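K.L.:
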Amino acid sequence: MEEETPEKRKERILKERAELELKRNRLNEYRNELSLTKQSVDQSVQTVEKTKKDVKKLEREMME
6 MEEETPEKRK ERILKERAEL ELKRNRLNEY RNELSLTKQS VDQSVQTVEK TKKDVKKLER
66 EMME
C-alpha cells in the first residue's frame with residue numbers, strides 16, 4: 006500500500022471537511038424547516054427513554 010503524500014493527505018482532509026460542512030448545513034436546514042431546537046429534540050429523547058423504563062418496570066411487575 007502506498008504511503009499518503011502530504012499533498013494528498015491535505016487534499017483528503019479538505020474534502021472530508023467540505024463534506025462534513027455540507028452535512029451540517031443540511032441538518033440545520035432540516036431543523037429550521039421543522040422548527041426544532043436541539044433542546045426540544047433532547048427533551049423528546051429523554052421522554053422516550055423514561056417511557057421505556059416505565060414499560061420495563063410494569064412488565065417486571067406483571068411477571069411476578
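Residue 42 in the numbering used here sits at position 37 of the sequence shown, and the numbers go up by one each step. Glycine residues also receive a C-beta, built at the ideal position from the N, C-alpha and C atoms. Note that the coordinates shown come from a computational prediction; the quantities given were computed from them, not determined experimentally.
By the three-class DSSP mapping on this structure, what secondary structure does L41 have?
P.N.:
It is coil, neither helix nor strand.
K.L.:
If you reduce the DSSP assignment to three classes, tell me which class E21 lands in.
P.N.:
DSSP places E21 in helix when its eight states are reduced to three.
K.L.:
Please report the distance separating the alpha-carbon of T56 from that of K13.
P.N.:
Roughly 50 Å between the two C-alpha positions.
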